[in-house]
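What follows is a short report on a single structure.
Protein chains in written order, with this note's numbering: chain D, 1 to 359; chain Y, 1001 to 1267.
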């Protein structure tokens, strides 16, 4: 995560001061207050989330020393990793101005497709994984296509996808196997090699951690350093304006929905390969967790601004609170309460930063 | 005379049963400003969208450098050097100035932004227009309306526009800010660009324009060169002369009434 908010060197004041000094005095707007790059970093979305994460880590470590051990860290990084992979894709989608409520159930669907294709067709696990990816890309495309064509809120479109997938998960799985869980994936060819990529662990840390880091770096670079990233923020900030200057709005939207579907596919594979089985309830109800992580990291609900690294830090906070509360002796039933409280604080901070940016 | 950079002849555009434009013609040569004047609902927005390639006309001719063209997207139009600067501005307020400036035409190698170059270009280009920005990373939403409009114009000129279509560039601005924008319009004309200046304000249109096309209810109701029409005549024409006189009369009566009332009350 070496991506910085801005180029080093650009914030250096030297050329600016020289230019300003050369200007006639009436040309210089004296109402402008100089802001240093340090202040800019301090006010950035990522920084606020990172400080919060640090405080939460220190707090839980003091309350329960086991939290800061290698095992403790591995414990909270495990859920944070899968959540973080989703949060990155969901953050990009939200910056692009849309939501995907089908992103949670999609994890279960893709896991089931892999398991069902492999076991029912008696093929190589990799064939199941590939089929599942194609399935995810198609659903993501349809979500994006429908949202773009109908101009309806993505909330509604993906809510329908959510229920349809939920229903299919149950109906198809029980229809084919008479059970709600598809297991026995270990017996099939290709499982061992797939396990290296999707299900292995090293010293208490899951392989999903590497995926999370890689996806975060890719997402952050995409958003900050590529033309596509510029288009995503513009589509979320002003889609009509973006279209008018030649941004391929339809392509951006569809690609973003395909992105969340692909992230769900990845998490689906991390689940189905790790446990060698898939269950119809996997992922259901998690869609809001991804949105919460993205919001904690600075994504606006209205689109147009947000941070990929922030979203990953949001996922980290989520994982730490989830695992840390029972360790610290707090009733785990209160987790949802804290989740809501964190979300509320994050939304208020984002609102404040947005108003500042527009004042 | 030289071939117009852009010319439309008798274009018509309907949406369902609504005829938004009927037989509208207009042209602009290099180094000229053509003002398209019309009140609300005159068809100005549809006219702009047709010129900028958002939707092609149903009938009529669209010529660029004398050749017939058919644009299906704003991108097509821009490739021919026709750039549109919208009233609501194609800007994302929370995005940095430099990202907005290059939106849709980012300097990049294989999709990777050359952000350092881009920021320098933005800084220099805006300086040429007399806008001093302290940091190209600042959100464009923090700039004033006139500055944002000027950024949009600077942007179009930088990207090699030969024809600028300006949609109500001064309507949302204060007097001084509007003056700033009018100066850039005059500057663009001096640099040999063709400008189509769409507005409902004859006070803004008259000083900087060479031709005037008047739109009313989707039809062209007048086409004058500056020699043929004076400022008061233009205002008169635009507001539908007789109606304005009636309004003035009415207003005077209202004022007279209230004065009489005042004098009655004070005695």
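Ideal placement from N, C-alpha and C gives every residue a C-beta, glycine not left out.
>> What does the Cβ neighbour count give for residue 1231 of chain Y, buried or exposed, with the cut at 16 atoms within 10 Å?
In response: Under this definition residue 1231 of chain Y is an exposed residue.
> For a contact meaning CB atoms closer than 8 Å, what does residue 354 of chain D contact in chain Y?
Replying inline: Those within 8 Å of residue 354 of chain D in chain Y are 1094.
> Quick one: does residue 1145 of chain Y have its CB under 8 Å from some CB of chain D?
Replying inline: Using beta-carbon distances, residue 1145 of chain Y does not count as an interface residue toward chain D, since no partner is under 8 Å.
>> Starting from residue 1224 of chain Y, trace the beta strand (DSSP E) in both directions and tell me its first and last residue.
In response: Where residue 1224 of chain Y is concerned, the enclosing beta strand (DSSP E) stretches over 1219-1225.
>> Please report whether the beta-carbon of residue 225 of chain D lies at a distance below 8 Å from any beta-carbon of chain Y.
In response: Yes - at least one Cβ of chain Y is within 8 Å of the one on residue 225 of chain D.
> Which of the three DSSP states, helix, strand or coil, is assigned to residue 145 of chain D?
Replying inline: Looking at residue 145 of chain D - three-state DSSP - the assignment turns out to be helix.
>> Looking only at its chain, what residues have a beta carbon closer than 8 Å to the beta carbon of residue 26 of chain D, apart from the 5 residues adjacent to it on each side?
In response: With a pLDDT of only 38 at residue 26 of chain D, under the threshold of 50, the placement of this residue in the model should not be trusted, and no figure is reported.
> Alpha carbon to alpha carbon, how far is residue 1086 of chain Y from residue 57 of chain D?
Replying inline: Each residue's alpha carbon lies about 49 Å from the other.
>> For chain Y, check one thing: does any of its Cβ atoms lie closer than 8 Å to the Cβ of residue 97 of chain D?
In response: With respect to chain Y, the C-beta atom of residue 97 of chain D has no partner C-beta closer than 8 Å.
>> Short of 7 Å in beta carbon distance, which residues of its chain neighbour residue 1126 of chain Y, apart from the five on each side in sequence? Order them along the chain.
In response: So the qualifying residues of the chain are 1133, 1151 and 1154.
> Which residues in the same chain have their Cβ closer than 8 Å to the Cβ of residue 1122 of chain Y, if we skip the five residues on either side of it in sequence?
Replying inline: Leaving aside the five residues that flank residue 1122 of chain Y on each side, the residues in its chain whose CB is nearer than 8 Å to its CB run, in chain order, 1097, 1098, 1101, 1102, 1133 and 1136.
> Would residue 1043 of chain Y be called buried (16 or more neighbouring beta carbons within 10 Å of its own) or exposed?
Replying inline: With 16 or more Cβ atoms within 10 Å of its Cβ, residue 1043 of chain Y is classed as buried.
> If we cut at 8 Å on Cβ distances, does residue 1255 of chain Y have a partner in chain D?
Replying inline: False, the Cβ-Cβ gap to chain D never drops below 8 Å.
> Under a three-way DSSP split, which group does residue 201 of chain D fall into?
Replying inline: Strand at residue 201 of chain D.
> Would residue 101 of chain D pass as a contact of residue 150 of chain D if the rule is Cβ separation under 8 Å?
Replying inline: Going by C-beta atoms, residue 101 of chain D is not nearer than 8 Å to residue 150 of chain D.
>> Short of 7 Å in beta carbon distance, which residues of its chain neighbour residue 284 of chain D, apart from the five on each side in sequence? Order them along the chain.
In response: In chain order, 104, 105, 108 and 166 place their CB closer than 7 Å to the CB of residue 284 of chain D, counting only its own chain and leaving out the 5 sequence neighbours on each side.
> In its own chain, which residues sit with a C-beta less than 8 Å from the C-beta of residue 1193 of chain Y, not counting the 5 before and 5 after it?
Replying inline: Here the set comprises 1030, 1031, 1157, 1161, 1162, 1163 and 1164.
> Counting pairs of Cβ atoms below 8 Å between the region 124-136 of chain D and the region 330-344 of chain D, do you hit three or more?
Replying inline: Contact check between the region 124-136 of chain D and the region 330-344 of chain D: fewer than three CB pairs, one atom from each, fall below 8 Å, which does not count as touching.
> In or out: residue 18 of chain D buried (at least 16 other Cβ within 10 Å) or exposed?
Replying inline: In this prediction, residue 18 of chain D scores a pLDDT of 38, lower than 50, which makes its location untrustworthy; the coordinate-derived value is nonetheless stated afterwards. With fewer than 16 Cβ atoms within 10 Å of its Cβ, residue 18 of chain D is classed as exposed.
>> Using the Cβ count rule (16 or more neighbours within 10 Å means buried), how would you classify residue 361 of chain D?
In response: With chain D represented from 1 up to 359, any question about residue 361 of chain D goes unanswered, as that position is not in the structure.
> Is there contact here, the region 76-83 of chain D with the region 239-258 of chain D, by at least three beta-carbon pairs under 8 Å?
Replying inline: Taking a cut-off of 8 Å for Cβ pairs, the region 76-83 of chain D and the region 239-258 of chain D do not touch, as fewer than three such pairs fall below it.
>> Give me the chain D residues within the contact set of residue 1078 of chain Y, using Cβ-Cβ distance strictly less than 9 Å, ordered along the chain.
In response: For residue 1078 of chain Y, the C-beta contacts it makes with chain D under 9 Å involve 245 and 246, in order along the chain.
> Which of the three DSSP states, helix, strand or coil, is assigned to residue 1012 of chain Y?
Replying inline: Correct three-state label for residue 1012 of chain Y: strand.
> According to the neighbour-count rule (16 or more other Cβ atoms, all chains shown, within 10 Å of its Cβ), is residue 1079 of chain Y buried or exposed?
Replying inline: The residue in question, residue 1079 of chain Y, is exposed, as its Cβ has fewer than 16 Cβ neighbours within 10 Å.
> What residues from the region 216-240 of chain D come within 7 Å of chain Y, judged by C-beta to C-beta, listed N to C?
Replying inline: For the region 216-240 of chain D, the beta-carbon criterion of a distance under 7 Å to any beta-carbon of chain Y is satisfied by 225, 226, 227, 228, 230, 233, 234, 237 and 238.
> Any idea what DSSP makes of residue 1200 of chain Y, helix, strand or coil?
Replying inline: Shown here, residue 1200 of chain Y sits in coil according to DSSP, grouped into three states, outside any helix or strand.
>> What residue range does the beta strand (DSSP E) around residue 1061 of chain Y cover?
In response: It spans 1059-1064 - the beta strand (DSSP E) in which residue 1061 of chain Y sits, taken as one unbroken run.
>> So, at 6 Å on beta carbons, what are the nonlocal neighbours of residue 208 of chain D in its own chain, with the 5 sequence-adjacent residues on each side left out?
In response: Within the same chain, residue 208 of chain D has close Cβ partners 81, 82 and 270.
>> Tell me which residues of the region 301-312 of chain D have at least one Cβ-Cβ distance to chain Y shorter than 7 Å, keeping chain order.
In response: Listed in chain order, the positions of the region 301-312 of chain D with a beta carbon within less than 7 Å of a beta carbon of chain Y are 304 and 305.
> By the 10 Å Cβ neighbour count, where 16 or more other Cβ atoms means buried, how is residue 1119 of chain Y classified, buried or exposed?
Replying inline: Burial call: buried.
> With 16 other CB atoms within 10 Å as the buried threshold, where does residue 247 of chain D fall?
Replying inline: Residue 247 of chain D should be labelled buried.
>> List, from N- to C-terminal side, the beta strand (DSSP E) runs of 3 residues or more that fit wholly inside the region 1085-1168 of chain Y.
In response: Runs of the beta strand (DSSP E) inside the region 1085-1168 of chain Y: 1163-1167.
> Which word fits residue 1167 of chain Y, buried or exposed, when buried means at least 16 other C-beta atoms lie within 10 angstroms of its C-beta?
Replying inline: The residue is buried, with at least 16 neighbouring Cβ atoms inside 10 Å.
> Residues of chain Y with a CB under 9 Å from the CB of residue 357 of chain D: which are they?
Replying inline: In chain order: 1093, 1094, 1138, 1139, 1141 and 1142.
>> Taking only three categories from DSSP, how would you classify residue 99 of chain D?
In response: Correct three-state label for residue 99 of chain D: coil.
> Which residues mark the beginning and the end of the alpha helix (DSSP H) in which residue 318 of chain D is found?
Replying inline: Unbroken alpha helix (DSSP H) run through residue 318 of chain D: 308-327.
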